[in-house]
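One structure below.
Residue numbers (the UniProt record's numbering): 1 to 482.
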């Protein structure tokens with residue numbers, strides 16, 4: 001489900017990859033029973049009602065004493081960050097914190113899921129069979145799809161997340177089937193189970209009876225696809241999922257429109273064709289971002305250790321960039337990506353180290369988009385030439401932090417050299433896009449607590465070399481966890 005304005009879908013089409021554009025998905029739902037727009041309007045009202053009910057439940061729940069939404073200083077449109085008090089014993093347990101967040105998210109719709117499962121057991125009929133009687137969206141010549149899913153496929157062994165809430169957040173009126181063993185399925189293929197040819201065939205057999213299936217997956221399809229190069233630099237062996245991601249994911253990249261906006265910024269703020277360094281710093285987890293927002297000039301080392309999984313970045317970010325600048329003395333600028341709420345601290349650290357950062361602010365981005373659409377050649381406040389001065393059709397996608405992030409990623413993917421945060425999926429997107437664009441792995445680095453990466457950052461290939469060594473020594477996936 002992709003937007004052709006944001007992603008280059010022609011590459012997928014030429015490679016024979018099936019996909020559903022976002023506009024087409026909305027159109028399919030609108031063509032459902034009850035006439036054009038009828039099913040969509042009803043589904044939209046139901047989704048809004050569910051969202052409102054969830055919000056009311058959340059407002060009625062007393063706030064946990066150890067957790068509160070951090071709202072002070074939050075800018076419009078930014079994703080709120082959670083403040084959580086962590087003890088030292090929790091500091092190294094990233095997987096435990098992640099599981100805790102998933103449990104909290106799941107709790108929102110747990111009652112709804114249990115109720116649906118009870119109804120399913122009482123009815124004794126899979127939802128697909130009932131839809132067959134309805135005659136909606138099944139068989140040749142059907143009037144259209146009403147947006148109801150036949151099944152949900154989950155890649156984890158844990159409890160299902162709040163499925164309907166996730167669908168509602170997509171905003172296209174999709175409806176989950178009632179919960180039951182024939183409609184809420186667990187994939188035989190996953191990171192923990194493996195992905196052999198026989199398992200892939202088992203998955204095919206499982207899904208064959210269904211027409212519309214939603215697959216719920218984060219990094220469960222192949223090992224650590226969100227981290228750094230994903231599987232692009234791995235020897236996948238007999239793991240077909242790993243190999244599929246390795247060969248197909250480079251086909252999926254941003255649209256020319258996104259790269260035009262990125263080129264506009266580079267041309268004006270850095271200089272067209274000039275070499276530059278890009279870096280992305282993202283403290284982990286969210287409470288660590290909150291810590292970095294502190295008004296104190298220097299952060300407390302104990303708090304960094306207790307709260308952050310990435311405390312080493314506080315000490316190594318500037319030295320790593322200084323080392324890269326010495327290796328690339330002709331670099332015209334250092335482009336920085338970071339969370340807006342910690343930008344002031346990051347910039348103070350950089351300037352103290354003699355580095356003058358360049359970044360895209362939301363105001364600059366708004367002006368750049370407007371100028372590009374009007375055919376203007378003056379936007380970001382610099383004088384170098386733009387990649388294009390011709391007018392462009394107005395963006396259908398609203399200007400937002402998410403859209404800005406995509407342009408930032410495109411800028412970083414164009415950089416001569418890139419320094420990233422290995423724990424961040426945003427860095428992963430950039431690294432994999434750089435490789436897909438043909439940039440050498442040797443042009444990409446990451447911050448690490450490794451003893452060899454104090455002044456000079458770790459090279460991208462080092463991560464996969466060390467990971468292969470751990471796997472060979474221990475022989476289990478556990479040895480390959482971040």
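We treat Cβ as the ideally placed atom computed from N, Cα and C, and that holds for glycine.
Per-residue burial, residue i [other beta carbons within 10 Å of its own, 16 or more giving buried]
i: residue 408; result: buried
i: residue 521; result: This structure cannot speak to residue 521, because the chain is shown only from 1 to 482.
i: residue 398; result: exposed
i: residue 423; result: buried
i: residue 180; result: buried
i: residue 394; result: exposed
i: residue 410; result: buried
i: residue 278; result: buried
i: residue 327; result: exposed
i: residue 225; result: buried
i: residue 338; result: buried
i: residue 170; result: exposed
i: residue 162; result: buried
i: residue 235; result: exposed
i: residue 331; result: buried
i: residue 434; result: buried
i: residue 465; result: exposed
Short Cβ contact (8 Å threshold) for residue i with residue j
i: residue 524; j: residue 167; result: Here the chain covers residues 1 to 482 and nothing more, so residue 524 does not appear.
i: residue 321; j: residue 308; result: no
i: residue 416; j: residue 221; result: no
i: residue 316; j: residue 447; result: yes
i: residue 254; j: residue 418; result: no
i: residue 364; j: residue 232; result: no
i: residue 280; j: residue 426; result: yes
i: residue 392; j: residue 372; result: yes
i: residue 228; j: residue 460; result: yes
i: residue 153; j: residue 212; result: no
i: residue 196; j: residue 156; result: no
i: residue 239; j: residue 194; result: yes
i: residue 257; j: residue 421; result: no
i: residue 245; j: residue 151; result: no
i: residue 430; j: residue 333; result: no
i: residue 312; j: residue 457; result: no
i: residue 192; j: residue 203; result: no
i: residue 293; j: residue 341; result: yes
i: residue 11; j: residue 251; result: yes
Beta bridge counterpart(s) of residue i as assigned by DSSP
i: residue 205; result: Note: residue 205 sits in no beta bridge, so no partner.
i: residue 254; result: 7
i: residue 152; result: 184 and 214
i: residue 280; result: 337
i: residue 363; result: According to DSSP, which records beta bridges pairwise, residue 363 is partnered with nothing at all.
i: residue 295; result: Looking at the DSSP assignment, residue 295 forms no beta bridge with any residue, so it has no partner.
Residue i: first and last residue of the uninterrupted beta strand (DSSP E) it sits in
i: residue 216; result: 213-216
i: residue 428; result: Counting along the chain, residue 428 falls outside any beta strand (DSSP E), though it belongs to the alpha helix (DSSP H) covering 425-436.
i: residue 419; result: 417-421
i: residue 446; result: 444-447
Under the three-state DSSP convention, the category residue i falls into
i: residue 61; result: With a pLDDT of 48 at residue 61, under the threshold of 50, the modelled position of this residue cannot be trusted; read the value that follows with caution. If DSSP states are grouped into helix, strand and coil, residue 61 belongs with coil.
i: residue 194; result: strand
i: residue 339; result: coil
i: residue 175; result: strand
i: residue 270; result: helix
i: residue 483; result: Residue coverage of the chain in this structure runs from 1 to 482, which leaves residue 483 outside it and unanswerable.
i: residue 223; result: coil
i: residue 331; result: coil
i: residue 455; result: coil
i: residue 145; result: coil
i: residue 347; result: helix
i: residue 402; result: helix
i: residue 474; result: helix
i: residue 167; result: helix
i: residue 413; result: helix
i: residue 311; result: coil
i: residue 157; result: coil
i: residue 189; result: coil
i: residue 440; result: coil
i: residue 319; result: helix
i: residue 287; result: helix
i: residue 13; result: helix
Interface flag, residue i vs chain B, CB-CB below 8 Å
i: residue 188; result: Within the model displayed, chain B is absent; a lone protein chain is all it includes.
Boundaries (first-last residue) of the alpha helix (DSSP H) holding residue i
i: residue 239; result: First-last for residue 239: undefined, no H or E at that position.
i: residue 229; result: Counting along the chain, residue 229 falls outside any alpha helix (DSSP H), and DSSP gives it neither H nor E.
i: residue 394; result: Here residue 394 belongs to no alpha helix (DSSP H), and DSSP marks it neither H nor E.
i: residue 305; result: 301-307
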